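Chemist:
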């Protein structure tokens with residue numbers, strides 16, 4: 001990836017690509033701190049987006065899916081702390097009203113606005129304070145749009161412990177991403193939102209292709225607790241302000257940026273103390289590699305072993321064995337490594353045990369499996385399972 | 399089930415059906431306490447058995463599966479604390495040698511012996527102490543076979559906190575079951591073994607039909623942590639000593655006994671403080687009902703909510719929504735109840751909140767869902783997710 005400049009700017013200095021501006025404010029969804037954010041292009045743009053497949057997707061997703069189909073989104077708006085899911089007809093009307101007001105502020109068509117909602121399920125949006133707030137923002141006009149990516153990432157957080165941003169450059173253009181991950185402040189659920197903005201000029205079809213390719217190997221390879229949010233959304237807006245770019249280079253940069261955000265999200269999973277990266281190689285095909293890797297990264301017994309820094313390869317082979325429909329998996333062909341050290345079938349030498357304990361004790365733990373069936377490889381991203389996960393999700397009384 | 403007498407004898411007084419006898423002893427697999435057990439019929443018998451589908455099934459399962467195929471098992475032998483899984487060629491030879499010695503003690507063909515192993519993965523069996531022990535047992539002869547079901551259930555335990563037994567009567571016959579559940583003492587995995595013994599006279603085909611019917615709706619509806627053991631085994635031996643029984647009554651009694659053991663296993667899941675029972679009704683078919691119920695009972699966010707006694711129905715609808723391939727699931731048709739109180743779509747009245755908190759605080763929590771799609775119903779059994787689960791599985795250093 002020699003033609004990609006992975007510029008890791010300091011978060012505070014991070015700016016939007018040319019032609020984007022953003023707003024954050026406090027709309028009364030959380031007790032204090034900004035909870036509403038809007039990022040918009042000052043000119044028409046093309047877009048691509050992907051949404052949760054949950055059967056309980058909320059009105060924000062349903063409305064945004066319809067708008068995204070036009071491939072000309074120009075603004076992404078987020079409400080944090082309330083998912084507006086399972087809120088009935090009123091929830092649909094509230095989502096539509098927010099979109100209507102945001103479109104009014106920006107003076108763009110409603111169907112160029114995507115709305116994301118993340119937080120508690122089954123509770124109505126506090127429309128009184130949201131309305132008041134958006135009215136004030138409309139009166140302030142463009143002057144209200146002075147927020148940078150870090151402020152937006154922070155305004156999107158629920159139980160995230162830190163804001164997530166990333167940037168890459170491609171020729172004359174930049175791609176900036178903000179994301180929020182798995183977290184809860186109240187009885188709700190894991191929710192992942194990732195928004196990407198670029199001033200590169202691309203066709204909607206190319207943008208869609210690049211996004212799908214990137215998401216398949218990054219966000220779709222992320223699992224913190226197997227629970228699928230009703231609100232998951234990934235969207236990219238390209239406004240062309242920087243001119244055309246090489247498509248292959250753009251795709252690589254976009255995928256690399258998504259991988260950056262994915263590992264940030266995995267490492268900040270609820271209660272997580274470590275990033276867990278599982279690679280399955282020599283699989284029959286990519287789907288098999290990913291399927292087996294996911295059973296390992298999602299196994300509570302593997303996750304607790306990683307938490308305890310225990311090089312417990314027995315749990316890894318157990319998790320591989322869970323793929324009961326993969327009848328071609330043969331224990332006699334499988335190998336397992338922690339870091340660079342093989343633990344199955346050749347048991348580690350006693351003098352490597354110290355190394356193994358060291359490997360398992362790091363902030364990032366790599367487990368590599370080969371199936372001996374073919375040439376396909378997949379990597380998935382997760383985290384350990386700790387008492388902190390239980391605390392954040394159980395120690396609440398309604 | 400008026401023709402089934404569900405006799406809950408006191409564990410200490412529980413005896414085997416006519417013609418069965420058992421042995422337990424300390425073979426050096428655990429530091430102290432009995433860890434080897436054998437239950438045998440004193441006459442030829444018929445049998446049925448079901449095994450884990452894990453791709454990493456160990457030699458005990460592979461050997462037992464071959465023997466069980468003959469439908470004439472007469473003895474079940476269990477080694478606790480060592481799963482003898484992923485132990486290579488030596489593991490196969492060790493399992494075969496144990497079977498050979500047990501068959502010798504009982505003077506029956508080797509292929510009438512089933513062997514179960516449960517515990518740590520990847521460690522060789524301590525064959526020296528096992529050999530010595532089985533030699534001594536052979537010398538003691540029938541006098542060594544004086545153990546009751548409670549002793550056998552106890553000798554099978556790994557991190558179970560209590561032995562699991564159950565008994566039912568059917569006409570002149572009895573069915574006695576012993577089981578062990580999900581637990582770890584060392585780096586290994588969840589393992590479930592359930593052995594059932596009856597003096598009823600049945601054909602192998604009828605016994606197999608009754609067992610498969612019972613297991614499908616009981617043990618196969620049990621999930622503590624989604625991790626599939628390499629050693630799961632359910633086996634039933636019928637020696638006919640009590641004569642023929644009504645097949646329908648036997649099937650119901652067997653299923654009822656399996657349900658009893660299943661709830662005992664769920665309630666003693668690792669770190670469990672509560673039994674969680676999820677019923678999905680009005681599903682399109684039984685498979686859908688069970689699939690949806692399993693996503694709810696396995697959701698870490700639902701499990702932690704149950705642990706925290708939090709009537710968090712948002713997490714339940716999220717979990718239902720995870721069934722993304724069930725495109726007929728419609729949020730507008732779904733209902734959710736905690737105990738008898740509807741929480742979705744009609745939110746509970748404020749004056750029922752105390753009741754809800756009471757319901758969620760009980761030792762057994764029932765969540766009932768209807769999909770509004772058909773007539774099928776399934777119930778699955780699990781437990782809450784607590785700090786105790788993390789402690790028992792993470793706080794180990796190799």
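Protein chains in written order, with our numbering: chain A, 1 to 398; chain Z, 399 to 796.
A virtual CB, placed ideally from N, CA and C, is assigned to each residue, including glycine.
None of these values were measured; they are calculated from a predicted model.
(1) Per the DSSP calculation, residue 439(Z) is bridged to which residue(s)?
(2) Let me make sure I understand the geometry here. Which of 361(A), 72(A), 24(A) has the alpha-carbon closest to that of residue 274(A)?
(3) Below 9 Å on C-beta distance, what does residue 37(A) contact in chain Z?
(4) Relative to the C-alpha of residue 393(A), which residue among 773(Z), 705(Z), 527(Z) is closest?
(5) Run through chain A and tell me which residues come within less than 8 Å of residue 414(Z), C-beta to C-beta.
(6) Sorted by chain position, which residues of the same chain lie with C-beta nearer than 6 Å to residue 311(A)'s C-beta, five sequence neighbours on each side aside?
(7) Checking contacts by CB at 8 Å: is residue 583(Z) closer than that to chain A?
(8) What residue does the alpha helix (DSSP H) around residue 116(A) start on, and which one ends it?
(9) Quick check: the region 644 to 658 of chain Z against the region 550 to 567 of chain Z, are at least 3 beta-carbon pairs closer than 8 Å?
(10) Note down, in chain order, every chain A residue with its Cβ under 8 Å from the Cβ of residue 721(Z).
(11) Got a sec? Which residues, its chain only, sit under 7 Å from residue 508(Z) by beta carbon, not counting five neighbours each side?
(12) Rounded to whole angstroms, what is the Cα-Cα separation between residue 96(A) and residue 214(A)?
(13) Is there at least one Cβ from chain A nearer than 8 Å to residue 743(Z)'s Cβ?
(14) With 8 Å set as the bound, which would you pick, yes or no: does the beta-carbon of residue 90(A) sit closer than that to a beta-carbon of chain Z?
(15) Please state the DSSP three-state secondary structure of residue 402(Z).
(16) Output needed for residue 88(A): all residues of its chain with C-beta closer than 7 Å, excluding positions within five of it in sequence on either side, in chain order.
(17) Nearest by alpha-carbon distance to residue 380(A): which of 108(A), 364(A), 388(A), 386(A) is it?
(18) Could you pull out every unbroken alpha helix (DSSP H) segment of at least 4 residues lying fully inside the region 47 to 131 of chain A, listed in chain order?
(19) Between the C-alpha atoms of residue 519(Z) and residue 377(A), what's the straight-line distance to the nearest angstrom?
(20) Measure the CB-CB distance between residue 156(A) and residue 78(A) and report whether it falls below 8 Å.
(21) Are the Cβ atoms of residue 288(A) and residue 330(A) separated by less than 8 Å?
(22) Report the residue from 715(Z), 548(Z), 544(Z), 482(Z) whose alpha carbon sits nearest the alpha carbon of residue 734(Z).
(23) Rounded to the nearest angstrom, what separates residue 603(Z) and residue 461(Z) at their Cα positions?
(24) Looking only at its own chain, which residues have a Cβ that is under 8 Å from the Cβ of residue 447(Z), when we skip the five neighbours before and after it?
(25) Please state whether DSSP places residue 565(Z) in a helix, a strand or coil.
(26) Classify residue 331(A) as helix, strand or coil using the three-state DSSP reduction.
(27) Taking the Cβ atom as the reference point for each residue, do residue 292(A) and residue 313(A) lie within a distance shorter than 8 Å?
(28) Where does the unbroken alpha helix (DSSP H) through residue 557(Z) begin, and where does it stop?
(29) To be precise: take each residue of the region 771 to 790 of chain Z, compare its Cβ to all Cβ atoms of chain A, and keep it if any distance is under 7 Å. Which residues remain?
(30) Answer yes or no: do residue 765(Z) and residue 718(Z) have a C-beta to C-beta separation smaller than 8 Å?
(31) CB residue 596(Z) to CB residue 571(Z), shorter than 8 Å?
(32) Using the Cβ count rule (16 or more neighbours within 10 Å means buried), how would you classify residue 323(A)?
(33) Is it right to say residue 798(Z) is buried, meaning 16 or more other beta carbons lie within 10 angstroms of its own, or is it exposed?
(34) Hey, residue 782(Z) and residue 674(Z) are a contact pair by Cβ (cut 8 Å); roughly how many whole angstroms apart?
(35) So what does DSSP say about residue 302(A), is it helix, strand or coil?
(36) What residue ranges within the region 596 to 656 of chain Z form continuous beta strand (DSSP E) runs of no fewer than 3 residues, ordered along the chain?
Modeler: With the structure as the only source:
(1) In the DSSP output, where bridge partners are listed per residue, residue 439(Z) has 418(Z).
(2) Per the Cα distances, 361(A).
(3) What residue 37(A) touches in chain Z: nothing, since even the nearest Cβ is about 23 Å away.
(4) Per the Cα distances, 705(Z).
(5) For the C-beta of residue 414(Z), not a single chain A residue is nearer than 8 Å; the gap to the nearest is close to 33 Å.
(6) Counting only Cβ-Cβ distances below 6 Å, and skipping sequence neighbours, we find 338, 356, 360.
(7) For residue 583(Z), the predicted structure reports a pLDDT of 30, less than 50, and the residue's modelled location is therefore unreliable. The matter cannot be settled from this model.
(8) Per DSSP, residue 116(A) is not a residue of any alpha helix (DSSP H); the beta strand (DSSP E) it occupies stretches across 113 to 120.
(9) The region 550 to 567 of chain Z, when compared against the region 644 to 658 of chain Z, does touch it at the 8 Å Cβ threshold.
(10) By Cβ distance, chain A contributes 55.
(11) Answer for residue 508(Z): 497, 498, 501, listed in chain order.
(12) Each residue's alpha carbon lies about 30 Å from the other.
(13) Chain A contact via Cβ: present.
(14) No, its Cβ sits nowhere closer than 8 Å to a Cβ of chain Z.
(15) With a pLDDT of 40 at residue 402(Z), under the threshold of 50, the modelled position of that residue is not reliable, and the figure given next carries that caveat. Looking at residue 402(Z) - three-state DSSP - the assignment turns out to be coil, as it is neither helix nor strand.
(16) Nothing meets the Cβ criterion.
(17) Residue 364(A) is the option with its Cα nearest to residue 380(A).
(18) 59 to 68, 88 to 106, all fully within the region 47 to 131 of chain A.
(19) As the crow flies, the alpha-carbon of residue 519(Z) is around 26 Å from that of residue 377(A).
(20) Yes, these two residues count as a Cβ contact at 8 Å.
(21) No.
(22) That would be 715(Z), whose Cα lies nearest to the Cα of residue 734(Z).
(23) The alpha-carbon atoms of residue 603(Z) and residue 461(Z) are separated by roughly 21 Å.
(24) Contacts found: 462, 463, 466, 471, 512, 609, 631, 632, 633, 634.
(25) Under the three-state reduction of DSSP, residue 565(Z) is assigned to strand.
(26) In the structure shown, residue 331(A) sits in coil (DSSP, three-state: anything other than H, G, I, E or B).
(27) In this structure, residue 313(A) does not lie closer than 8 Å to residue 292(A) by Cβ.
(28) Here residue 557(Z) belongs to no alpha helix (DSSP H), and DSSP marks it neither H nor E.
(29) Against chain A - using a Cβ distance shorter than 7 Å - the residues of the region 771 to 790 of chain Z are 783, 784, 785, 788.
(30) Taking 8 Å as the Cβ cut-off, residue 765(Z) and residue 718(Z) do not qualify as a contacting pair.
(31) In contact: residue 596(Z) and residue 571(Z) (Cβ atoms closer than 8 Å).
(32) So residue 323(A) ends up on the buried side.
(33) Since the displayed chain Z opens at 399 and closes at 796, residue 798(Z) lies outside it and no answer follows.
(34) Going by Cβ atoms, the distance from residue 782(Z) to residue 674(Z) rounds to 6 Å, so yes, they are a contact pair.
(35) Under the three-state reduction of DSSP output, residue 302(A) falls in the helix class.
(36) Within the region 596 to 656 of chain Z, the complete beta strand (DSSP E) runs of at least 3 residues are 631 to 642.
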